[in-house]
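Number of protein chains: 2
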Amino acid sequence: MDKEKPESRIPSAEDEKDFSEEKDDIQSSAADPALSGFRQDIDSIDAQIVSLLAERQHVVGHVAALKKTHNLQVYHPAREEDLISRRRQQAKETGLNPDFIEEIYRTIIRRSRVAQTGSMALKSVRSDGVVLLVGGKGGMGRYFQECFRRAGYQVRILDKENWPEADRLCDGIDLAMVGVPIDVSCEVIRNIGPFMPAKAVLCDITSIKEQPLEEMLKAHAGPVIGLHPLFGPTTSSLDKQIIVATPGRDDGACQWILDQFATWGAVVVRSDAREHDDIMGIVQALRHFATFAFGQFLKRRRISLSRTLEFSSPIYRLELGMVGRLFAQDSSLYSEIIFASEQRRDLLKDYINSLHENLEMLENGNKCLFQMEFQKIAEWFGPFGEQAMRESSFLIDKLIERF
Amino acid sequence: MDKEKPESRIPSAEDEKDFSEEKDDIQSSAADPALSGFRQDIDSIDAQIVSLLAERQHVVGHVAALKKTHNLQVYHPAREEDLISRRRQQAKETGLNPDFIEEIYRTIIRRSRVAQTGSMALKSVRSDGVVLLVGGKGGMGRYFQECFRRAGYQVRILDKENWPEADRLCDGIDLAMVGVPIDVSCEVIRNIGPFMPAKAVLCDITSIKEQPLEEMLKAHAGPVIGLHPLFGPTTSSLDKQIIVATPGRDDGACQWILDQFATWGAVVVRSDAREHDDIMGIVQALRHFATFAFGQFLKRRRISLSRTLEFSSPIYRLELGMVGRLFAQDSSLYSEIIFASEQRRDLLKDYINSLHENLEMLENGNKCLFQMEFQKIAEWFGPFGEQAMRESSFLIDKLIERF
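Protein chains in written order, with our numbering: chain A, 1 to 403; chain B, 404 to 806.
Structure (structure tokens):
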């Protein structure tokens, strides 16, 4: 078999430098004129596609303007699904993979929706509204300040140094939104209470809801609602972002605030404060703590991140990315989430203990026990496992495509 | 302000049922004729775009055929980047967001590359090669059987029951590839050794490399190479998938196998066996174990996964998806990875102990300690944090788009 010289080879360590040149030689082979003709064809098709996308954007601009004038909502799921099934059908008829076309169209549609939502950002559901942001100089405070200002609201800021003017700042407001760190949230709510006009809405955006909501109901006799935006101040569009709303008092009088978020593209999920806090213990505190501990261990062992990445499947890259992402953010944000309540700290201690119970299994190399435990958990996860598999496979493809 | 009735409202719990009808009424408003005209324009543009994509696929088919005939490689990074920068340029000139166009084109290009790689799957670098798969009935065995068969190799299978025929099966082979569970890998290598033709390559695809490689060098005097494919048997395309190669003996004689994987689109990363095993302890064992323990705790606390998902930011959905994904797979695969060596079990015990050291901090509600620790880890992560932030933000956008 030695007679056959491999025609295409990957480089071994020694000839890495020659590799690109060799390949270039091959590329400019006998196939060159034909290849270059096909590439010109592809370039010309691509130029037409991009022109059509530009034309499409232009028409979408007209639709957005029309929707704005007539107060129609941007997100129209039925129309989107209809559009996608037509294109899937056309794909089948022309020998294209329908999933591929759907993928392309999900990207196009989202872009179009975000553009329309962007124009809706200028839209106010309460055009003469006055909004007071308490703690307006924090990340989320600045974020909402921008949202409300762009939508034409009159926005006032009450930060630490402005308490002497609280009386004047609260005069005539329609909404006071408290966005301060968790540990001072209840205190700030107590302080703002006496200045609230009777009909104005008091709301907070703390990431726990039970205590702040209780304090708001005590501090203000008028409309009260708790909010928890599940996104950070770096979110570029509110499109499909989730806000949890925990109603306090006089739902009807609070409705315009939820309408405003919906107009900006967000999705409002209702819950009671207790349930919210239980779920967030898992969704935020436990998850962030587990991620923190993973990063802590990587540092302790002085693992070479860059070398592990060279050896990594896309899914590891993604998981390590989640860890890196945490540590690129603000430590005080995470300490507030993790140490928010005793109940939460108990949850985390329970997690550590649960993990600790695996020590013996590792010590004894008890594979059987591991497999039995694994099976039980797999059964408990049920069909979610399959769904997770599908969704994460989709993302892994995206990751391969991009990086 | 009560005079103003909000024009667009999101539903409160009571009127959820009316919502869709109400919206339909609004959609068929005065804006209707104009809106429907614009929608027809959009549909017509979309039909043209999909036609062009079909045409593009047709031309790409010609390119693939040409590349196959002339043995040119599919993946041509310079051409891809050039194509993308032209479309970005056109996007800028026509008022489109260049990132949007790049995103669309990454999807198109990858689809085209996978299609071409699919046609390359039929391409053999050693057209009369004979491959013996030892343990060919496992998941990866069947996967590689399919790859080699489609590429025109003569493939033989040696599974548990075929040992009496080993002599005949090994006669005239060019490659024996051992793909059996970790715990029997070394034994199987010892058994196959005596049957190996002198010039045939012996390789394994075990997910640890140090011991199997040592055993292979002892069992066979000819060419030896260790391989670790970093993907599972459900991978639809080898495009950009990673295979770690740990050279054993006579690199030159093993090269054609790496060439074959490269032809199929995979990326070969070279390493020595020791380094491979150290890194995989982190990339596979630790990560899988941490994920396992997280799922274990969710079950222990009987958390409602579906309710947490309703409340979740896309990143939690993604992280929970990673956990669900693990439990949708084979428990024995993970037990083999986790219990592969004593060194690995020590690593995991160290991880549990590292986590356990945080108990006191939680007990005392010591936020300061947490923040100091967080800062130190963040510094250690260095610029990787920023990069992770960018990459994961991109994926979060994809997730919002899709689900």
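Glycine residues also receive a C-beta, built at the ideal position from the N, C-alpha and C atoms.
Check: Tell me which same chain residues have a C-beta within less than 8 Å of the C-beta of PHE294 (chain A), skipping the five on either side of it?
Finding: Indexing the first sequence from 1 puts residue 294 (chain A) at position 294. Closer than 8 Å at the Cβ level, and outside the excluded window around PHE294 (chain A), lie VAL323.
Next item on the list: Measure from the C-beta of THR510 (chain B) to each C-beta in chain A and report whether the shortest distance is under 7 Å.
Entry: Position 107 of the second sequence, counted from the first residue, corresponds to residue 510 (chain B). Taking a beta-carbon distance threshold of 7 Å, THR510 (chain B) counts as an interface residue toward chain A.
Next item on the list: Find the residues of chain B that neighbour ARG149 (chain A), judging by a C-beta separation of less than 7 Å, and give them in chain order.
Entry: Sequence index remark: in the first sequence, residue 149 (chain A) carries index 149 (1-based). Those do not exist, as ARG149 (chain A) stays about 19 Å from chain B at its closest Cβ, beyond 7 Å.
Margin query: Taking 6 Å as the cut-off, is the beta-carbon of ILE49 (chain A) closer than that to any non-hydrogen atom of the ligand NAD?
Written below: Ligands displayed in this structure: none; no statement on the ligand NAD is therefore possible.
Next item on the list: Could you tell me whether the Cβ of THR235 (chain A) comes closer than 7 Å to any Cβ of chain B?
Entry: By one-based count along the first sequence, residue 235 (chain A) stands at place 235. No, because no Cβ of chain B sits closer than 7 Å to the Cβ of THR235 (chain A).
Item checked: Members of the segment 304 to 318 of chain A that neighbour chain B once the beta carbon cut-off is set at 9 Å -> SER304, LEU305, SER306, ARG307, THR308, LEU309, GLU310, PHE311, SER312, SER313, PRO314, ILE315, TYR316, ARG317 and LEU318
Check: Whose C-beta lies closer than 7 Å to the C-beta of LEU661 (chain B) among residues of the same chain, with five residues either side of it excluded?
Finding: In the second sequence, the residue the question calls residue 661 (chain B) occupies position 258. Within the same chain, LEU661 (chain B) has close Cβ partners ALA648 and VAL671.
Check: How big is the Cα-Cα spacing for ILE512 (chain B) and GLN746 (chain B)?
Finding: In the second sequence, counting from the first residue as 1, residue 512 (chain B) sits at position 109. In the second sequence, counting from the first residue as 1, residue 746 (chain B) sits at position 343. Using only the alpha carbons, I get a separation of about 43 Å.
Notebook entry, point to check: Using Cβ-Cβ distances below 9 Å, what residues of the segment 44 to 64 of chain A are close to chain B?
Noted result: Answer set for the segment 44 to 64 of chain A: ILE45, ASP46, ALA47, GLN48, ILE49, VAL50, SER51, LEU52, LEU53, ALA54, GLU55, ARG56, GLN57, HIS58, VAL59, VAL60, HIS62 and VAL63.
Next item on the list: Could you round the C-beta distance between ILE608 (chain B) and GLY582 (chain B) to whole angstroms and report it? I think they count as a contact, below 8 Å.
Entry: Residue numbering aside, residue 608 (chain B) sits at position 205 when the second sequence is read from its first letter. Residue numbering aside, residue 582 (chain B) sits at position 179 when the second sequence is read from its first letter. With a Cβ gap of about 5 Å, ILE608 (chain B) and GLY582 (chain B) count as contacting.
Margin query: Do GLN699 (chain B) and ALA669 (chain B) count as a contact pair if the criterion is CB distance below 7 Å?
Written below: Taking the second sequence and counting its residues from 1, the one referred to as residue 669 (chain B) is at position 266. Taking the second sequence and counting its residues from 1, the one referred to as residue 699 (chain B) is at position 296. Contact flag unset, no.
Check: If LEU578 (chain B) and VAL604 (chain B) are in contact, beta carbons under 8 Å, what's the gap, nearest whole angstrom?
Finding: Numbered from its first residue, the second sequence carries residue 578 (chain B) at position 175. Numbered from its first residue, the second sequence carries residue 604 (chain B) at position 201. Confirmed, about 5 Å.
Next item on the list: Check each residue of the segment 773 to 785 of chain B: if its Cβ is closer than 8 Å to any Cβ of chain A, include it; give the result in chain order.
Entry: Answer in chain order: PHE773, GLN774, GLU776, PHE777, GLN778, LYS779, ILE780, ALA781, TRP783 and PHE784.
Notebook entry, point to check: Is PRO436 (chain B) buried or exposed, if buried means 16 or more other CB atoms sit within 10 Å of its CB?
Noted result: On the second sequence, residue 436 (chain B) is found 33 positions in, with the first residue counted as 1. By the neighbour-count rule (16 or more Cβ atoms within 10 Å), PRO436 (chain B) is not buried but exposed.
Margin query: On a Cα-Cα basis, can you pick out the residue from B:CYS771, B:GLY684 and B:ILE448 that is closest to TYR737 (chain B)?
Written below: Along the second sequence, one-based indexing puts residue 737 (chain B) at 334. When only C-alpha atoms are compared, the closest one is B:GLY684.
Check: Just to confirm, are LEU355 (chain A) and ARG748 (chain B) a CB contact at a threshold of 7 Å?
Finding: On the first sequence, residue 355 (chain A) is found 355 positions in, with the first residue counted as 1. On the second sequence, residue 748 (chain B) is found 345 positions in, with the first residue counted as 1. It is not a contact, given that the beta carbons lie outside the stated cut-off.
Item checked: CB contact below 7 Å: MET389 (chain A) versus chain B -> The residue given as residue 389 (chain A) occupies position 389 in the first sequence. Output row for MET389 (chain A): interface = yes.
Notebook entry, point to check: To which residues does DSSP link THR649 (chain B) through a beta bridge?
Noted result: Position 246 of the second sequence holds residue 649 (chain B). Answer by DSSP bridge pairing, in chain order: B:GLY629.
Item checked: the segment 87 to 102 of chain A contacting the segment 123 to 134 of chain A, beta-carbon criterion three pairs below 8 Å -> no
Check: In chain order, which alpha helix (DSSP H) runs of at least 4 residues are fully inside the segment 288 to 355 of chain A?
Finding: 305 to 310, 314 to 327 and 331 to 338
Note to self: In whole angstroms, give me the CA-to-CA distance for SER331 (chain A) and VAL188 (chain A).
What the structure shows: The residue given as residue 331 (chain A) occupies position 331 in the first sequence. The residue given as residue 188 (chain A) occupies position 188 in the first sequence. Their Cα atoms are separated by approximately 22 Å.
Checklist line | Members of the segment 208 to 238 of chain A near chain B, C-beta cut-off 7 Å | finding: LEU230 and PHE231: these are the residues of the segment 208 to 238 of chain A whose beta carbon lies less than 7 Å from some beta carbon of chain B, given in chain order.
Margin query: So VAL269 (chain A) contacts chain E; which residues on that side make the cut at Cβ distance below 9 Å?
Written below: Looking at the structure shown, chain E is missing, and the protein chains on hand are A and B.
Checklist line | Cα-Cα separation, GLN255 (chain A) to LYS770 (chain B) | finding: Start at 1 with the first residue of the first sequence, and residue 255 (chain A) comes out as number 255. Start at 1 with the first residue of the second sequence, and residue 770 (chain B) comes out as number 367. About 37 Å.
Next item on the list: Taking GLU789 (chain B) as the query, report the chain A residues whose CB atoms sit under 9 Å from its CB, ordered along the chain.
Entry: Within the second sequence, the letter at position 386 stands for residue 789 (chain B). Residues of chain A passing the Cβ test: GLY324 and ALA328.
Note to self: Would SER795 (chain B) pass as an interface residue toward chain A - the criterion being a Cβ-Cβ separation below 7 Å?
What the structure shows: Taking the first residue of the second sequence as position 1, residue 795 (chain B) is located at position 392. Chain A contact via Cβ: present.
Notebook entry, point to check: Should SER795 (chain B) be labelled buried (16 or more other beta-carbon atoms within 10 Å of its own) or exposed?
Noted result: In the second sequence, residue 795 (chain B) corresponds to position 392, counting from 1. When all chains shown are included, SER795 (chain B) counts as buried.
Note to self: For ASP277 (chain A), which residues in the same chain have their Cβ closer than 7 Å to its Cβ, ignoring the five residues on either side in sequence?
What the structure shows: Residue mapping note: residue 277 (chain A) aligns to position 277 of the first sequence, counting from 1. Excluding residues within five positions, the ones whose Cβ falls inside 7 Å are ILE208, LYS209 and GLU210.
Note to self: Tell me which residues of the segment 170 to 204 of chain A have at least one Cβ-Cβ distance to chain B shorter than 8 Å, keeping chain order.
What the structure shows: ASP174 and LYS199
Next item on the list: Return the CA-CA distance between LYS376 (chain A) and GLU360 (chain A), expressed in angstroms with no decimal places.
Entry: For the purposes of this step, residue 376 (chain A) is identified with residue 376 of the first sequence, where counting begins at 1. For the purposes of this step, residue 360 (chain A) is identified with residue 360 of the first sequence, where counting begins at 1. Spanning the two alpha carbons is a distance of roughly 19 Å.
Check: From the beta carbon of GLU102 (chain A), is the nearest beta carbon of chain B less than 7 Å away?
Finding: Locating residue 102 (chain A) in the first sequence gives position 102, counting from the first residue. It does not; no Cβ of chain B falls within 7 Å.
Margin query: Once the 5 residues before and after ALA47 (chain A) are set aside, which same chain residues still bring their CB inside 6 Å of it?
Written below: As a first step, residue 47 (chain A) is located in the first sequence; it is residue number 47 there, counting from the start. Answer for ALA47 (chain A): no residue qualifies.
Check: Do VAL130 (chain A) and LEU158 (chain A) come within 7 Å of each other at the CB atom, strictly closer than that value?
Finding: In the first sequence, counting from the first residue as 1, residue 158 (chain A) sits at position 158. In the first sequence, counting from the first residue as 1, residue 130 (chain A) sits at position 130. It is not a contact, given that the beta carbons lie outside the stated cut-off.
Notebook entry, point to check: How many angstroms separate the CA atom of THR308 (chain A) from the CA atom of LEU298 (chain A)?
Noted result: In the first sequence, counting from the first residue as 1, residue 308 (chain A) sits at position 308. In the first sequence, counting from the first residue as 1, residue 298 (chain A) sits at position 298. For THR308 (chain A) and LEU298 (chain A), the distance between alpha carbons rounds to 11 Å.
Note to self: When you compare the CB positions of ASP216 (chain A) and ALA731 (chain B), do they come within less than 7 Å of one another, or not?
What the structure shows: Taking the first residue of the first sequence as 1, we reach residue 216 (chain A) at position 216. Taking the first residue of the second sequence as 1, we reach residue 731 (chain B) at position 328. Going by the sequence as given, residue 216 (chain A) is Met instead of Asp. Contact flag unset, no.
Notebook entry, point to check: Between the segment 535 to 548 of chain B and chain A, which residues of the former have CB atoms less than 8 Å from a CB of the latter, in chain order?
Noted result: none
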